[in-house]
Every structure is written in structure tokens, then in C-alpha cells.
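Report on one structure; see the data block that follows.
2 protein chains.
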Amino acid sequence: MTTLTGESLIGSQTLLGEGNEFTATAPARSETLIGTFRNLNLAQASQAVEKAAAAFQPYSQLHPHKRADFLAAIADQIEAIGDPLLERASAESGLPMARLTGERGRTCGQLRLFANLVREGSWVDARINPALPDRQPLPRPDIRRMLVPLGPVVIFGASNFPLAFSVAGGDTASALAAGCSVVVKAHPAHPGTSELVGRAIQAAATQTGMPEGTCSLVHSDNEVAQAIVAHPAIKAVGFTGSRAGGLALLRVAQARPEPIPVYAEMSSVNPTVILAGAMQERGTAIAEGLAASVTMGVGQFCTNPGIVFVLQTGKLPDFLGTLGAKIRDSVPATMLTPGIRDNYSRGIGTLTHLPDVTLLAQSETNARSIQTEGRPAILTTTGNAFQHNPALSHEVFGPSSLVVVCANETELAACLQTMEGQLTATIFATDSDLTNSSHNWVALLQEKAGRLLFGGYPTGVEVCEAMTHGGPFPATSDSRTTSVGTAAIERFVRPISYQSFPDALLPLALQQANPLGILRTVNGVKV
Amino acid sequence: MTTLTGESLIGSQTLLGEGNEFTATAPARSETLIGTFRNLNLAQASQAVEKAAAAFQPYSQLHPHKRADFLAAIADQIEAIGDPLLERASAESGLPMARLTGERGRTCGQLRLFANLVREGSWVDARINPALPDRQPLPRPDIRRMLVPLGPVVIFGASNFPLAFSVAGGDTASALAAGCSVVVKAHPAHPGTSELVGRAIQAAATQTGMPEGTCSLVHSDNEVAQAIVAHPAIKAVGFTGSRAGGLALLRVAQARPEPIPVYAEMSSVNPTVILAGAMQERGTAIAEGLAASVTMGVGQFCTNPGIVFVLQTGKLPDFLGTLGAKIRDSVPATMLTPGIRDNYSRGIGTLTHLPDVTLLAQSETNARSIQTEGRPAILTTTGNAFQHNPALSHEVFGPSSLVVVCANETELAACLQTMEGQLTATIFATDSDLTNSSHNWVALLQEKAGRLLFGGYPTGVEVCEAMTHGGPFPATSDSRTTSVGTAAIERFVRPISYQSFPDALLPLALQQANPLGILRTVNGVKV
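Rendered as C-alpha cells:
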């Protein structure tokens, strides 16, 4: 296995932090893993930002094919690490090798998807309105517009996807694809995985001749991380994590003399609505599917179905019986960190003691503390209680779900109306459920979420052009964006127009001969 | 002339405010105009928001052609008012009839442009990834994505475009086009113009059968306006005006439990850079063009060229001589309001008394106070002074410009680097100016502005697909957007994805048969 030095990686250089020392813990064994890491102090972390600032202009002006080569080379270098990467990630996260093999595939797939997007080039949304010198009463000048990168950005690694949403994950890939230089703040729960991937990026940058400082990896505490967000050279922030963590960064970004965009993906309970006809037709099958979705990955997905709305109907006992049985049969499993496990246990404990909340079932196997296990659980409450107690709609990150039993559709609709913004919302319904209802369920859910599912389970986020992994606040801090799929690149750009520019001074994407061969909009028509 | 009642227009209803009474003043005569207006109190203003909230779902779900009909009908109704609209606007703003005739054309042109955009329909950026049931290791579900409106929004009328950026201006047109219901806060400097246009919108809404409350016009003070921004039902804000005003709204929006986007177009000094070769070749012609641009519309454009950077070369005296002569020959003219005129006079006075600032020239005609006139002026300073005194880069809204004389290109580049974000940046250069320079001027200016001009004047903002009227903070509060041109619609939408939805439940834009006949992206390819 590659030796871990515990250093931060500043462009092509390494830098041993002068801040606190820390180690990684294997949650499955509660054991310290090899490798000692050192946080950067503020002056050291600023070096990464200053290098990113110096790299921005040359990096953003590279031929897009060079950027594509860099992204593809990162994927190659990650694969070249081989099993040691998966083993370290598994040790640090407690996630099984099979899951991490899949996640590595997704990570490299994302990098290559963005490489292809950049190589193809049309994503810059080039628009051209040629001059009309004879127009009356005034001539029109030549105006050409495209998307350009915002500047250096900082990306925070997420704990729950140590590969796909960490150092070379979706946020980094989309920011680099856009032409931004990137400072990645490593997640302290998987510093070794971060270092390995950071070195893969370093190797790819050297191999493809990227400007020095295009991408850096820093270990730091929260205070230094916030100072990076506040640094004048930083122009945007990507974050996936807790609501408290995301809001803290948002506050820092808003308090800057120059406020900057923060893309924080924070919290979501992903409501699932089961209407009466669907419950009647296939309630037990839905219960089985839900149990699998709730416990998948020990419930550690942003898209975990945390709240299930059902109606008080004759088939409800069968549904609850099947769901309860599946959860009782499920087994506890290792969670990402002791802190996450503790929050989960505390969250379930708090819910259980609230009035009108019943613990319907939990895994019949006890969670082993030393293995940092989370014990799957299903709770129930009433629609009336849900409407009147906001605590019931808070996210409990882990393998649990709260079933809200509503007296009727009016109560169910009222419950939905009280909910905050969500990443996803799911509806199970028959044709007659929808046509005979006085509520427009799809319209109601659409106002609350970034992705609507019909008769499915929200876990599993496809990486493709049509994906929206985002949603109204507080699911994210910016509902106008997605953090998964090709549209994620749009977070890191702004439009710029060139008026009456000589052709040779224009970016390639806007030159008259269209040397990049991209799809452009000329006088409103795609050509 | 249509009678002005001084009421607010809440959907199809009228509502006489119970707040303060106010009148409009004709700045050209310092006379009170007919019509007494009454501000709404908070409870009254909330009615407009609540109606907009109730209208949002039905309005957003109308067939897009219906929305297009509404927008086109607003244009028709505005034209149907005829000269009384222009006369009132001219009286309230001091702007000449010819300018307002053009501005009305632009206003109606914008409405029809957005009507056509919505009728054509492809702007929703529909993306489809069909199901791949046989994909290994996991099948892919059907995923379809489009842009949907954010919700009810509030738009603040701007003082300097009483038609094109006021009640039925670009912000309102783009928000209505997106499918948002709209509450317009009338600008108190032209309440009569606002009422006339508001009634045109009312008539158009009735004529085309819009849901009640789709658009309202409110008169209010700033406190009530801020309460509207803070109302939970409001999902975005559009504003054009002062930096202080925009930042106040931004703070209110950020302090909400659910923060919302604010599109504030605030302040810009629109730097113009003249390099040595261009000065040598055509310095006096540039001086003439600049004088015209500076004094156009009494300098009351966001894109007024407020700072001009020149180099200390042999042709500089000719340039300054011509510029000074043109300004001395220019005549003072009526500004929009006494407050704007006072700010302008004070701004010039403050600048003149700063060290290293010289009043090069001003109009030889005195400004008449009773006619609220602003007196054109040109000041000069040094590159060294500019770099070290931030006050020199503050916007002075009105017919003036500050010429910054730099010792050399290094000093000029340093000056540009100290500047904040701008709406526009202009460069005059010859080929050899650019090829022989050690500075990448275009790259430098690109980081600072939303629109770059080569050898032109920034006043005059073309309404077209390729326009960016926006720029890095503080030119706007959100550099990722434009407030002019078709892309302005993107400010009021978010993406949403539908997974495994029955075709009949999908929005028309995403249905398999493509009933709207729009351009869509299927598996990454435009079809």
C-alpha cells in the first residue's frame, strides 16, 4: 500500500501541516488506522488558495480538450491505485468493498462524463447575434455570449461518499470541468482515502501539464476551512453534509464583502406518499421495497426515505406488519463514524420519546458499539401529530423511517404543506387514486422537491443529463442547481458577452468559423 | 388622460392604501403632478402576496401558449394607452418624449420577445434519459428533467427606466414568462406611470383569462417592501437601483428562515481602457464618442462610462482637449428626481475636493435648480491616486466621468486589478497594443465584467439572446445571471426531474410524443 504522509497537497507540492495532528479510525473495529495527518494553519491553507488564484487564468484559458484530458487522467490515476484505495476507503468508512468498487466506478464514470462534456464543448451555451449594420433606427453591434468559469472554488469532501462526493467527486469534477481551479478540503473521517485520491490528481495534473496550483488538497480544522471560504480569491463553495455545517458556510459566504454562491446539499427526509389504491393493490410489496431502501448502505444516503405518509385504510396493518417484519429481520451495520452513529441513536431515542410516536419495529439484533453499528428502526406517528410538531420532520441520518398515518387525504395534504424543501418526493398511486382525488398530488410535491419519483424508491441517484440532485431550501442552499449529472457544471460559471470583438480576440467557442465545432445559438436558432 | 386613482392593483381588484399619502413631482418644473397615491400598510400588501401565492400553481401550470398570449396582450394594452402614457412618464421622469417612445418600443418588444420564447417552448431545457431496463449491473429508470418556475416573486421598479425596467419591464416580463406570479413594487418617482401600466396588465390578465392574482402592483414604503421580501411565499426578488437599496434587500432575503435569490443590479462605473496605439490613431474621435456616451440620457444609465483609463502619451493632451471641449459645449438637463440630482452634484463636489483630482471641464451652462438639472463634468486623476483611494472608483450616477491618467501599462493593470465587479468593461486598442503588451488585457477585464466591448461605448444594451447585462458583485448580487435578453428568464426557474412517471402525469414538455414540438436533449443529443 502506498505510504500515507499525512501532508496536504498544494498543487504539485506537499506541505506538512503545523496545526493539530489527527488520525483516522476504522469504525468497524474502533481502531486507529496507520497514518498521522496534520492540519494546515491559516497561513499554510492560504498558500493553496493563492496557488489556485494564480492557476485560475491559465487553467480557465486552456483549450477545452486539455481540461478533458486532465479529467480523464484523474480517472485513470484513481483506477491505477487499485485495491489499496478501496481497502483504505473501506477501513476508514466502514463501507463494504463491493459498495466502494461501485462507488469508484461511479467516481471515474463522473470524471469521464465531464471530460466528454468538455471535449464535446457545447455546454458553454454559446449565443451569437451578428451585427446588423443597416438596422433602423440604430444598427445592432455584434454580440456573442458564452459561459465562463467563476474563479477558484473550494470543495468540501462529504463523509458518506468517500470517493464519489469527496476529493475527486462530483463537485470537484464539475468545477474543474467548468474551468475553475479547486481547493479541496479533505473530510477528516477519511484522510487516507483523501490523500490517495489527491495524489492521483497530482499525478494527472503533472501528466497532462496543468498549470501549477490548479487543484490542491488541504487538511484543516473548521475554523481554517471557514477562513478559506472567506478568502477574497475564492468565488464559490461546494459542500455536502449536515444542515448545521452547510448553514455555517453559507453565513461566512454571505458575510464576505463580496458574497459568493454556496452550493450546500444539506438535509432531506425524502417524503414518500402511498395513496389508498396503491396500498390496496401492492402495500406489502411497497413495504418490502421501502425496508430495503431504508436500510441500504445503513441508511446513509441523502435520499433515504425518512418519512412515509400512509392513509388509515384496511390494508394498513398488512403494510405495517410487513415493514416491521423486514426491519426486525434486518441487521445492524457499521456506520461511517462514531459521531454519525451517536447522532443516529440519539435521534431515534428522541423521536421514540415524543408524544404520539411509537417504535413500530427495530432490528432484533442489537447494535455492537465497538463496531459502530446503527440499528434499523421504523417508527409511526399520526398526521395530526406530524402537522403540529416540527421535530417530527427533522432528518435522522441513518437506517430509519417514520411512518405518518393520516386520517384522510386532507390531513395528508396538510402534512405535506408543512414540509420544508426536499431532494426527492415519491408517490405511489393508482390511476383512480389520482383522478378521484380532490388534491393535485403531483403539483403539491413538485413545489417541495427537486426530483419526483412515481412508484419507486429514492435511493440511487443516476448520473446523467436529466438528473436533478437538488431541491428547495433546506435540501440545498440553492434550488436552481443540481450536484449530480452534467448540469452540475452550471454551478461554477457565469455568462459573459463580447461586443464588437475582433474574431481573433474571441474565445474559440465564439469565433466565426466555430473551430470547436460546437452547437451554438445564432439569432435564436441552434446551429 | 386616464384618471389616476392612486390605488394599488391587487390582481383584478383595486385597493386604496391606508399608509402614507404621496404625490409625484415633475422634475423639469419642480411641480406636483395630479394624482394622489396611497401606500399600502403591511396587512394590505400581504394581500397581494397571498393572491400571488394562490395564483402560482394554476398560473405555472397553464399551457405555455396561454402565458405567451398574456405577455403579448400586456404589450398591446400598453400601446393602447397611447400618448397619455408617454406624457405622464415624461412628466414624472423628466425624460424626453422621443426617449420614452423608444423605451415603450423596447418594453413592448421585450414582452413580445418573451412571449415568443415561451410560445416556442424550448427554453425549459428538457432533458430525457429513457429507461434502460436491461442495463447491467442495474437497470436505469426513465428520468426526465425540465425547468420550472420558482414561485411568487417580487419585482422592484427602477427609476431610470420608467417603462422598460419598471412595472411591465424586463424583470416582470421574464418572471411572468418563467411561470412565476409577480408582485411589483412601484417606484415612488413615477407612480402614475406605474398605475397606467399596472392597469394595462390588469386588462391583459382579464382579456386572456389569467388566474386571479397572477400579477399585482403595490405602492408601499421601504419597510413594507422589505416585509414583502421577507414573506414566506415569496421565492425570488428582482431589483435595479442603488447599491444601498440592493444590499438592504439582499440582507432581508438572506436573513429569512428560507433564504431566497435576489437579483439586484446595483452599481457599476464601467471602466473604459484606451491603450497607446488607439489613442495615437483616433484619440480625438474616441473623446467625441465618450462625451456623447457620458452625457446621453443625462448619464442616467447603469452602463454609463464612469471611469476612463488612459496612458501618459503624447496624444493625451489632444484627447483631453477634445473631451473637455465637448463637455463644456454640452448642456445640463433634467435628471429623474431631485434626490438623484442632489446625489450627483454632491458626488462631483466630493470628487473635486479629493487630493490629486482635477475638474477638467464642466458644461459652460449652469444647471437650473428648479429644472432639476445635472451639469455634465469630466474630472481627471492619476493612476497612483486611483489605486490608493477607493472613493475614486465609486459610482457617481449622472453625466460625468473620471479620466485616470496612468504612468504606464503596469500602473494601468494595477488600477484595473483593484476594481470591483462591473456590468461592462471596454477596451480601445490596436493590434500592436495587444501583441506588444506584457499584459493580457482581455483576460484581465473578463474577470471584472459581464460584458466586454471592443472599441465601443457601453451605453445602449441590446435586447437579444446573446446579451449579458450583469456582472460580478457589486455590479449585481448574482453574477450568474443577466437582467436583459432572453436568458433573463433563467433567474426565475429551477430544475426538477421526474423519475419513472406515467406519460400522462408528465408536463407536456416531457411527454414522450413531444406535444409542444420543442427541442429536447435525449441521451445527451439535441432532438
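As they're listed, the protein sequences go chains E and S. Take 1 as the starting number for the first sequence in the working numbering and just add one per residue. Take 1001 as the starting number for the second sequence in the working numbering and just add one per residue. Backbone N, C-alpha and C fix where the C-beta goes; we use that ideal spot for every residue, glycine too. On a predicted model such as this, the values are computed, not experimentally measured, just so you know.
7 Å Cβ cutoff met for residue i and residue j
i: E:Arg328; j: E:Glu364; result: yes
i: E:Ala53; j: E:Val153; result: no
i: E:Arg67; j: E:Val124; result: no
i: E:Leu508; j: E:Leu519; result: no
i: E:Ala443; j: E:Thr337; result: no
i: E:Gln312; j: E:Val405; result: yes
i: E:Gly179; j: E:Val167; result: no
i: S:Arg1375; j: S:Pro1332; result: yes
i: S:Thr1284; j: S:Thr1322; result: yes
i: S:Ser1479; j: S:Ala1264; result: no
i: S:Gln1422; j: S:Ser1242; result: no
i: S:Ala1131; j: S:Leu1510; result: no
i: E:Thr459; j: E:Ser293; result: yes
i: S:Val1262; j: S:Ala1230; result: no
i: E:Leu217; j: E:Gly198; result: yes
i: S:Ala1164; j: S:Arg1106; result: yes
i: S:Thr1482; j: S:Glu1465; result: no
i: S:Ile1489; j: S:Ala1177; result: yes
Secondary structure of residue i, DSSP reduced to three states
i: E:Gly109; result: helix
i: S:Ala1024; result: strand
i: E:Ala233; result: coil
i: S:Gly1374; result: strand
i: S:Cys1406; result: strand
i: S:Ala1244; result: helix
i: E:Arg520; result: coil
i: E:Arg88; result: helix
i: S:Asn1222; result: helix
i: S:Arg1127; result: strand
i: S:Ile1260; result: coil
i: E:Lys526; result: strand
Residues that DSSP places opposite residue i in a beta bridge
i: E:Ala425; result: E:Leu452
i: S:Gln1013; result: S:Ile1010
i: E:Asp362; result: Checking the sequence, you will find Gln at residue 362 of chain E rather than Asp. Partner(s): E:Ala377.
Among the options, the one whose alpha carbon lies nearest that of residue i
i: S:Lys1315; options: S:Thr1172, S:Glu1447, S:Met1279; result: S:Met1279
i: S:Glu1288; options: S:Gly1455, S:Gly1383, S:Gln1312, S:Gly1151; result: S:Gly1455
i: E:Val527; options: E:Ser122, E:Arg251, E:Ile78; result: E:Ser122
i: S:Pro1016; options: S:Asn1039, S:Pro1390, S:Pro1027; result: The displayed chain sequence assigns Leu, not Pro, to residue 1016 of chain S. When only C-alpha atoms are compared, the closest one is S:Asn1039.
i: E:Ala367; options: E:Leu354, E:Leu150, E:Gly398, E:Asp356; result: E:Gly398
i: S:Ala1026; options: S:Ser1012, S:Val1262, S:Glu1092, S:Ser1330; result: S:Glu1092
i: S:Ala1361; options: S:Gly1347, S:Ser1477, S:Val1403, S:Ala1391; result: S:Val1403
i: E:Asn270; options: E:Val294, E:Thr303, E:Glu258; result: E:Thr303
i: E:Pro191; options: E:Gly94, E:Gly109, E:Gly6; result: E:Gly6
i: E:Ser369; options: E:His353, E:Ala45, E:Tyr344, E:Phe386; result: E:Tyr344
i: S:Gln1499; options: S:Asn1041, S:Thr1014, S:Pro1084, S:Met1146; result: S:Met1146
i: E:Ala276; options: E:Leu379, E:Glu409, E:Ser497, E:Val49; result: E:Glu409
i: E:Gly470; options: E:Tyr457, E:Gly450, E:Ala487, E:Cys464; result: E:Gly450
Within-7 Å CB hit, residue i to chain E
i: S:Met1467; result: yes
i: S:Thr1214; result: no
i: S:Phe1309; result: no
i: S:Gly1456; result: yes
i: S:Asn1514; result: no
i: S:Arg1346; result: no
i: S:Cys1302; result: no
i: S:Thr1521; result: yes
i: S:Gly1524; result: yes
i: S:Ser1438; result: no
i: S:Glu1050; result: no
Chain S within 7 Å of residue i, Cβ atoms only
i: E:Ile496; result: yes
i: E:Ala253; result: no
i: E:Leu453; result: yes
i: E:Asp248; result: First, the residue type needs correcting, since residue 248 of chain E is Ala and not Asp in the sequence shown. So no, E:Ala248 is outside the interface.
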